[in-house]
DNA sequence: CCAAAAGTGTTTTCTCTACACCCATGT
DNA sequence: ACATGGGTGTAGAGAAAACACTTTTGG
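Protein chains in written order, with this note's numbering: chain A, 1229 to 1462; chain B, 1229 to 1462.
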């Protein structure tokens, strides 16, 4: 039979991933960017992207792109927005759905992404990006700031064990403003989601700082009972 | 030349509109649904939708669908989410971007949408919807609750002139919980965004209730200077 | 005069903010 | 002994919540 929807046009559909990482030492939020390896715009900086295949859902496509670049799966990822201007890609009319992902830089083997032409770049020092990718990044940043206050996703950017100072620095990097140390610690600890370890981080100070670990199970229990994560402090 | 992106598949792309209205008399949030006029799922309830055309952006497609159904333009509309499961539409693989819109029921000529097979249905009494449209509605509802607290969009669902009681009823219908009358009035009036009219609404009470009007211009000015709309009251 | 809906302030509670000094340790 | 970064508590301000009676007027 002729197709039910014949008469309607079809379109290329891409996914683009805004991949955030956090550099503990430099206290900086970073983005994983790639040098584009095909035309148009070959050689320019771009987000990691790819085309949605026949038998592949949007989410699967995004996971595939992310995974093939990083070698990691089970990362935090969320759909952000779909960009559908007719002229957004000069090569053809391509609709693109942007996803943003959070990954711990430390989890990533440098060889894996290097060979794909990927590099971490500081948010504060981004190169020009192709097409509307800069808009995507800006939207993702806004979303990240909103999300991080209201859901415990910041931990995705840190190693399993982290210190409160590191966590605060992360929040300061994301929200781009200083946070009061005592208020921050009071609030995060009062939520009862962090388990103190018997071990200290000793690289950055003589006294050493206690390691903590995010207890995801406890969070899920609490959330089930109407608890809301909230880390909006100044 | 052969196409730059040849080798990659193309997909049908639809837009679906979650169209909210508010019935002042019944104090109920409603959805504009249509009886589907083509296969598959002919005759079943569905959101208003349509296919994205060649030379049409996503936003334009959504506006076209909305406008052709209601005869109205310049409505409040926002992209919600893109649904990309491969089997979401049994007729073919169709990716769909959902938009949600807010319209004043009173603005709508009944003939215009009736002849398109569209009907208002109370949120609390929705029929079964085709495909994943129910998921779209649920997401839109969550989004509406969030948005209405933090941006002055509730007014889009009311006539230009409205009473504080009507506004409160609207908020109660959206948030699905009772709100304290005095706290609500205190808060909304303290924002200085409503202009009291010299006229009363006299249908629903003997005493009559003052009409107010939302001053959008003042809102924009204030927002420019860092003001944030916030109507989170209990 | 009474039923029905509109309108109005104050007190209490809690959350958010501001703020400064001691601690532990490696050199 | 000192320099460096980690850790701690309290008081005041402001926002959110709880709460009950008076006003108006058509019938």
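Yeah, the Cβ is synthetic: ideal placement off N, Cα and C, and Gly gets one too.
Keep in mind it's a predicted model, so treat the numbers as computed, not measured.
Which bits of chain A does residue i rub up against, with CB to CB less than 9 Å?
i, result
"residue 1231 of chain B", "1319, 1320"
"residue 1302 of chain B", "Result: empty, since nearest Cβ-Cβ is about 20 Å, beyond 9 Å."
"residue 1282 of chain B", "1237, 1239, 1314, 1321"
In this structure, what does DSSP give as the bridge partners for residue i?
i, result
"residue 1442 of chain A", "A/1422"
"residue 1428 of chain A", "A/1438"
"residue 1329 of chain B", "B/1247, B/1305"
"residue 1263 of chain A", "A/1273"
"residue 1323 of chain A", "A/1241"
"residue 1311 of chain B", "B/1324"
"residue 1383 of chain B", "None; residue 1383 of chain B has no bridge partner."
"residue 1343 of chain B", "Answer is none; residue 1343 of chain B lacks a bridge partner."
"residue 1414 of chain B", "Residue 1414 of chain B pairs with nothing; no bridge assigned."
"residue 1258 of chain A", "A/1249, A/1350"
"residue 1391 of chain A", "A/1439"
"residue 1299 of chain A", "Partner(s): none; residue 1299 of chain A has no beta bridge."
Going by C-alpha to C-alpha distance, which of the options sits closest to residue i?
i, options, result
"residue 1385 of chain B", "B/1248, B/1238, B/1231", "B/1248"
"residue 1371 of chain B", "B/1246, B/1280, B/1241, B/1254", "B/1246"
"residue 1354 of chain B", "B/1343, B/1421, B/1289, B/1257", "B/1257"
"residue 1402 of chain B", "B/1412, B/1376, B/1391", "B/1376"
"residue 1432 of chain A", "A/1446, A/1444, A/1394", "A/1394"
"residue 1358 of chain B", "B/1364, B/1290, B/1438, B/1272", "B/1272"
"residue 1316 of chain B", "B/1279, B/1360, B/1347, B/1239", "B/1360"
"residue 1363 of chain A", "A/1267, A/1313, A/1299", "A/1313"
"residue 1252 of chain A", "A/1350, A/1344, A/1283, A/1319", "A/1350"
"residue 1339 of chain B", "B/1307, B/1299, B/1369", "B/1299"
"residue 1233 of chain A", "B/1417, B/1446, B/1291, B/1281", "B/1281"
"residue 1390 of chain A", "A/1460, A/1425, A/1306", "A/1425"
"residue 1446 of chain B", "B/1462, B/1439, B/1421", "B/1421"
"residue 1318 of chain A", "A/1334, A/1240, A/1343", "A/1240"
"residue 1321 of chain B", "A/1335, A/1308, A/1301, A/1231", "A/1231"
"residue 1301 of chain B", "B/1307, B/1335, B/1418", "B/1335"
"residue 1367 of chain A", "A/1238, A/1308, A/1342", "A/1308"
"residue 1459 of chain A", "A/1356, A/1365, A/1398, A/1238", "A/1398"
"residue 1254 of chain B", "B/1444, B/1438, B/1453, B/1348", "B/1348"
"residue 1396 of chain B", "B/1461, B/1374, B/1418", "B/1461"
"residue 1440 of chain B", "B/1434, B/1413, B/1270, B/1455", "B/1413"
"residue 1444 of chain B", "B/1284, B/1419, B/1238", "B/1419"
"residue 1284 of chain A", "B/1323, B/1356, B/1274, B/1268", "B/1323"
"residue 1352 of chain B", "B/1454, B/1392, B/1404, B/1410", "B/1404"
For a contact defined as C-beta to C-beta under 9 Å, what are the partners of residue i on chain B?
i, result
"residue 1387 of chain A", "Going along chain B, no residue has its Cβ under 9 Å from residue 1387 of chain A, so there is no contact; the nearest lies around 32 Å."
"residue 1262 of chain A", "Near residue 1262 of chain A there are no residues of chain B at all, since even the closest Cβ is about 17 Å away, more than 9 Å."
Could you tell me which chain B residues have their CB closer than 7 Å to the CB of residue i, listed as they occur along the chain?
i, result
"residue 1313 of chain A", "1285"
"residue 1240 of chain A", "1233, 1236, 1238"
"residue 1404 of chain A", "Chain B residues near residue 1404 of chain A: none, gap ~15 Å exceeds 7 Å."
"residue 1323 of chain A", "1241, 1286"
For residue i, which residues of its own chain have a beta-carbon under 8 Å away from its beta-carbon, when the five flanking residues on both sides are left out?
i, result
"residue 1406 of chain A", "1400"
"residue 1451 of chain A", "1457"
"residue 1332 of chain A", "1249, 1250, 1384, 1385, 1386, 1387"
Which residues in the same chain have their Cβ closer than 7 Å to the Cβ of residue i, if we skip the five residues on either side of it in sequence?
i, result
"residue 1229 of chain B", "Low confidence applies to residue 1229 of chain B: its pLDDT is 47, below 50, so where it sits in the model is not reliable, and the reading given next is rough at best. For residue 1229 of chain B, where only same-chain residues beyond five positions count, there are no Cβ hits under 7 Å."
"residue 1304 of chain B", "1329, 1330, 1381, 1384"
"residue 1236 of chain A", "none"
"residue 1442 of chain A", "1380, 1383, 1421, 1422"
"residue 1290 of chain A", "1243, 1245, 1305, 1327"
"residue 1341 of chain A", "1260, 1297, 1298"
"residue 1449 of chain B", "none"
"residue 1265 of chain B", "1345"
"residue 1415 of chain B", "1459, 1461"
Whose C-beta lies closer than 6 Å to the C-beta of residue i among residues of the same chain, with five residues either side of it excluded?
i, result
"residue 1212 of chain A", "An answer regarding residue 1212 of chain A cannot be provided, because it is not within the stretch 1229 to 1462 covered by chain A."
"residue 1436 of chain A", "1428, 1430"
"residue 1325 of chain A", "1243, 1286, 1310"
"residue 1295 of chain B", "1301"
"residue 1217 of chain B", "There is simply no residue 1217 of chain B to check, as chain B begins at 1229 and stops at 1462 in what is shown."
"residue 1438 of chain B", "1424, 1428"
"residue 1453 of chain B", "none"
Taking residue i as the query, report the chain B residues whose CB atoms sit under 8 Å from its CB, ordered along the chain.
i, result
"residue 1279 of chain A", "1233, 1236, 1237"
"residue 1358 of chain A", "What residue 1358 of chain A touches in chain B: nothing, since even the nearest Cβ is about 13 Å away."
"residue 1371 of chain A", "Near residue 1371 of chain A there are no residues of chain B at all, since even the closest Cβ is about 13 Å away, more than 8 Å."
"residue 1355 of chain A", "Result: empty, since nearest Cβ-Cβ is about 23 Å, beyond 8 Å."
"residue 1267 of chain A", "1232"
Cβ of residue i versus every heavy atom of the ligand SAH: is any distance shorter than 6 Å?
i, result
"residue 1257 of chain A", "The ligand SAH is not among the ligands present in this structure, which contains no ligands whatsoever."
Give the interface partners of residue i over in chain A, defined as CB-CB distance under 8 Å, in chain order.
i, result
"residue 1309 of chain B", "1307"
Note down, in chain order, every chain A residue with its Cβ under 7 Å from the Cβ of residue i.
i, result
"residue 1335 of chain B", "Going along chain A, no residue has its Cβ under 7 Å from residue 1335 of chain B, so there is no contact; the nearest lies around 27 Å."
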